[in-house]
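Here is the structure we will look at.
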Amino acid sequence: MAESVRRLLGRPGSVSLQPYTKLLKTIEEREEALRALSDAELTEAAAELGNAELPYDRSDLTELCALGREAARRTLGERPFDTQLIGVMALLDGHVAEMATGEGKTLTGALAAAGFALRGQRVHVLSVNDYLARRDAEWMGPLYRLLGVEVGWIGQESTTEERRAAYAADITYASVSELGFDVLRDRLATDPADLVVPEPNVAIIDEADSVLVDEARVPLVLAGAAEPAESDAAMAELVRKLRPGIDYRVDDDGRNVHLTDAGIDAVEKALGGVDLYSAEDTTLLSRVNLALHAHALLQRDVHYVVRDGKVRLINESRGRIALLQRWPDGLQAAVEAKEHLAASETGEVLDSITVQSLVLRYPIRCGMTGTAMAVAEQLREFYELEVAVIPPNKPNIRVDEEDRLYATAEEKEDALVEKVAEVHATGRPILIGTQDVAESERLAKRLERAGLECVVLNAKNDADEAAVIAEAGTYGRITVSTQMAGRGTDIRLGGSDMKDRDRVVATGGLYVIGYGRYPSSRLDDQLRGRAGRQGDPGGSVFYVSVEDDLITNNVPEARGYRVSSADGEITDPAWRQTVNHAQRIAEGQLLELHRNTWRYNKLIDVQRSVVLEHRRAVLHDNLGSRQLAVDCPATYEELVEQVGEEEVARAARLVTLYHLDRGWTDHNAFLADLREGIHLRFLGRRDPLDEFNRDAVPAFKGFLDEARARAAEMFAELKVVDGRLDVAGAGVKRPSTTWTYMVQDQPFSTDFENIVGRVKNLVGRD
Ligand code: ADP
Ligand code: MG
């Protein structure tokens, strides 16, 4: 048993590792015998594990781990460490394995995936982006093949056929958003043969906290094209003339903009003396707000780029240009008007899904990440998952220095640049983590002015970023990157080929500098974790200023620091507490947001599942046809006679599905309006969620009956054209194109805040 394992048999609040560690010895004893097997014999031995059901008993679990270890050694040249096998067993038990960066979670997850697959389960390994999904599937491919299981992967560019093939494999790698969008698109299928995603069995979620907590606040939305939007060029022109600071003001955090009294006057006058705030003119006010938002808050090349005559969104934290993604309609049109572009099509939300709903579909869920304990409660509350804390294979010797605190942002930056220069002079590689891409670029310019050449990660793609990050441990290299960029990529000392490893080790290994603390300690830890992988030397330090958003947004009242010297450094120990306090407030707010999204979507999920259950019966069991035979017996008989039963069943299915889907889209729009409208009412002490439920529940009553009645009406009107029933002629339409986006869900905030929130927090689809 590894020393590190003996040291740590469980941390409070996490599951005990003892049941796993006690098997390690037997697993090791089996090794020699397995080495003697030919490849074919090894594959056969793995197949024998398929003769029983889940869960694994002790002896089969031992055999699985031993076989997996041997297979990995042969195919990847890596013999899984004890810690990795403990991780495998924790995953098979349905836990989230906390394993630090560089501990080999990819292989750990793969062995667990194989374990599930050998027992007949269909496994989805969910990644944070397409690049990682493909990389890991291909990387682990030889291992899977030797163990006799099939693997596939899905990316944004995958065709429907490729997707279907990938999902048909025993193990499928996909990003969470691709999977979600496939699930959403399947909900529009009108023929069982068009379905893409099979029944969910097992989900293994990599970077589980990012996916389950951070991205869970962002519902995935599927929209369909209806008509071109109206361009609001006049309004764009009007707001262009407004004077910043006089006619409108932008909040300090850049999230909100509002007209001043002078601005209101100016707009009202320009519009010919209207009253912006009169009840009839609410659309006018929202048009002004949208145009102003597009004008004042969304900057070209920061929030979006214009390419090929189209507005393309940039994801702020990752700096990625998102394909097939857009803002909610009004805003998209406002930005297009601002840029003098033709308005693109408007859409309507066809359906949406939260990460919670997506993940909770799987009867078996598990995952791995470097930072799980900090969100252990949320994982339990939202996903019924427990955390298993797995010690590193080699002790972590990274030196984490105390935060350096400064009075002003400028002093912080000066000190940081000085530090970079000093460390760089020794040849030690430096990785600077920023809050967003704009900050990266600004800082990189500043470093370059100081004669410090650096590599900066910006709006490219994940694969490029991975390649850059992989070299961040090169001797003398300075890399500037957001916290998210290059996730999942290993930073080896001395460069990816480790050519210079000894020289870099002598400098102290990778030195990580945080340009400000993040809104959660987990994100800080993820950045820190870039250094000191697998027992490497390394160091980390964060530079913080009183002017940082984290402080001004969360503890604006904080005052009274003492500055120790001319460089503005604060030594007052109470200030360390202030910074931590600010971070805890930020974490609390994010949790509240998550909880709200969850509570709000719960009711919608209940209603949706009623519709989906019904839809399934129509799609697979001819329910529509049976209902119509009852509802309009005369028509039904007549049409049978004319075109045959099969054709009638087809038409009945299409007509019924059309009205179900139409009804659901309308109901969704109603719920969205309801949600946005609730804040306008005087609520007193009443809970907005109760109010929401009070109206949403009756609105859904009779939903299925109504869809059925409409279907019957349309069915009665069907005409026979060329021996077939003309459903299109009767009004059955499907969206011509669909696209997807993700919105930050902020139920119960004000209308305008809601838009701002959504816009500011759009997350790119890779
Ligand atoms: P994580 O996802 O935990 O950060 P990765 O799965 O990306 O880590 O693996 C980090 C590095 O460790 C990779 O280069 C991988 O090849 C290597 N690695 C993983 N397991 C082993 C092992 N048992 N022996 C040697 N190297 C390993
Ligand atoms: Mg990883």
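Counted the way this note's numbering counts, the sequence shown spans residues 170 to 935.
All residues carry an ideal CB built from backbone N, CA and C; glycine is no exception.
Please check the pair residue i and residue j, which I expect to be a contact at CB under 8 angstroms, by giving their CB distance rounded to whole angstroms.
| i | j | result |
| --- | --- | --- |
| residue 375 | residue 296 | 5 angstroms |
| residue 569 | residue 709 | 5 angstroms |
| residue 269 | residue 539 | 5 angstroms |
| residue 257 | residue 277 | 6 angstroms |
| residue 366 | residue 336 | 6 angstroms |
| residue 682 | residue 585 | 7 angstroms |
| residue 332 | residue 323 | 5 angstroms |
| residue 567 | residue 701 | 3 angstroms |
| residue 580 | residue 421 | Not a contact, Cβ separation roughly 19 angstroms. |
| residue 598 | residue 673 | 6 angstroms |
| residue 582 | residue 615 | 7 angstroms |
Which same chain residues end up closer than 6 angstroms to residue i when comparing Cβ atoms and leaving out the 5 residues on each side of it in sequence?
| i | result |
| --- | --- |
| residue 546 | none |
| residue 526 | 774 |
| residue 309 | 279 |
| residue 293 | 341, 372 |
| residue 274 | 268, 537 |
| residue 285 | 292, 371 |
| residue 259 | 266, 557 |
| residue 655 | 634, 635, 638 |
| residue 574 | 713, 739, 744 |
| residue 791 | 818 |
I'd like to know if residue i contacts chain B, where contact means its C-beta is closer than 9 angstroms to some C-beta of that chain.
| i | result |
| --- | --- |
| residue 453 | This model lacks chain B altogether, as it is built from one protein chain only. |
So is residue i buried or exposed if we call it buried at 16+ other beta carbons inside 10 Å?
| i | result |
| --- | --- |
| residue 595 | exposed |
| residue 689 | buried |
| residue 524 | buried |
| residue 446 | exposed |
| residue 883 | buried |
| residue 228 | exposed |
| residue 667 | exposed |
| residue 189 | buried |
| residue 272 | buried |
| residue 509 | exposed |
| residue 210 | exposed |
Can you tell me whether residue i sits near the ligand ADP, meaning its C-beta is under 8 angstroms from at least one heavy atom of the ligand?
| i | result |
| --- | --- |
| residue 771 | no |
| residue 274 | yes |
| residue 325 | no |
| residue 270 | yes |
| residue 652 | no |
| residue 657 | yes |
| residue 666 | no |
| residue 508 | no |
| residue 247 | yes |
| residue 241 | yes |
| residue 618 | no |
| residue 250 | yes |
| residue 746 | no |
| residue 796 | no |
| residue 539 | yes |
| residue 567 | no |
Are there any heavy atoms of the ligand MG lying less than 8 angstroms away from the beta-carbon of residue i, as far as the coordinates show?
| i | result |
| --- | --- |
| residue 307 | no |
| residue 360 | no |
| residue 546 | no |
| residue 605 | no |
| residue 694 | no |
| residue 375 | yes |
List the residues that DSSP assigns as beta-bridge partners of residue i.
| i | result |
| --- | --- |
| residue 711 | 683 |
| residue 535 | 373 |
| residue 569 | 709 |
| residue 469 | 473 |
| residue 320 | 340 |
| residue 732 | 739 |
Quick one: residues in its chain with C-beta nearer than 7 angstroms to the C-beta of residue i, no 5 flanking neighbours on either side, listed in chain order?
| i | result |
| --- | --- |
| residue 750 | 724 |
| residue 695 | 539, 540, 652 |
| residue 789 | 361 |
| residue 148 | The chain is shown from 170 up to 935; residue 148 falls before or after that span and cannot be answered. |
| residue 881 | 797, 800, 801 |
| residue 730 | 576, 715, 739, 741, 744 |
| residue 937 | The displayed coordinates of the chain run from 170 to 935. Any statement about residue 937 would go beyond what the structure contains. |
Taking 8 angstroms as the limit between beta carbons, can you name the residues of its chain near residue i, skipping five residues before and five after?
| i | result |
| --- | --- |
| residue 504 | 463, 467, 473, 480, 496 |
Below 8 angstroms, is the gap between the Cβ of residue i and the nearest heavy atom of the ligand NAP?
| i | result |
| --- | --- |
| residue 661 | With respect to the ligand NAP, the structure offers nothing, as its ligand set consists of the ligand ADP and the ligand MG. |
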